[in-house]
Amino acid sequence: MIVLSSADEAVFIISRSGKPMLLVGNNRYYRHSSYKEGSLKCLYVCVKWSSGCRSSITTFNDEIVKYGKEHKHI
Ligand SMILES: [Zn+2]
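The sequence shown finishes on residue 90 if you use my numbering, and the numbering steps up by one all the way, no holes.
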């Protein structure tokens with residue numbers, strides 16, 4: 017596990033609607049729809065993606081391998 021910020025622990029969760037999500041600090045990410053269940057590599061995008069935030073996280077085998085852009089919101 018790559019830890020970039022000591023306070024931000026990544027947690028894999030399932031949303032109330034049954035969608036896989038990633039929780040990092042105060043930010044939540046949806047798994048991108050083009051990455052299917054069981055994929056080794058997944059892209060998670062910020063829940064505010066539709067509002068213009070382009071923050072994302074790439075995971076491989078359930079470990080974070082890459083952080084995308086900064087969030088555009090608080
Ligand atoms: Zn964001």
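Glycine is no exception: its CB is placed at the ideal position from the N, C-alpha and C atoms.
Any heavy atom of ligand 1 within a distance shorter than 7 Å of the CB on K82? Because no heavy atom of ligand 1 lies under 7 Å away, the Cβ of K82 does not count as near it: no.
State buried or exposed for S71, treating a residue as buried only when at least 16 other CB atoms are found within 10 Å of its CB. With 16 or more other Cβ atoms within 10 Å, it is buried.
What residue does the beta strand (DSSP E) around C62 start on, and which one ends it? Residues K57 to C62.
Any heavy atom of ligand 1 within a distance shorter than 7 Å of the CB on C62? Yes; taking the cut-off as 7 Å, the Cβ of C62 has a heavy atom of ligand 1 nearer than that.
With the cut-off set at 8 Å, would you say K64 and H48 are in Cβ contact? Going by C-beta atoms, K64 is not nearer than 8 Å to H48.
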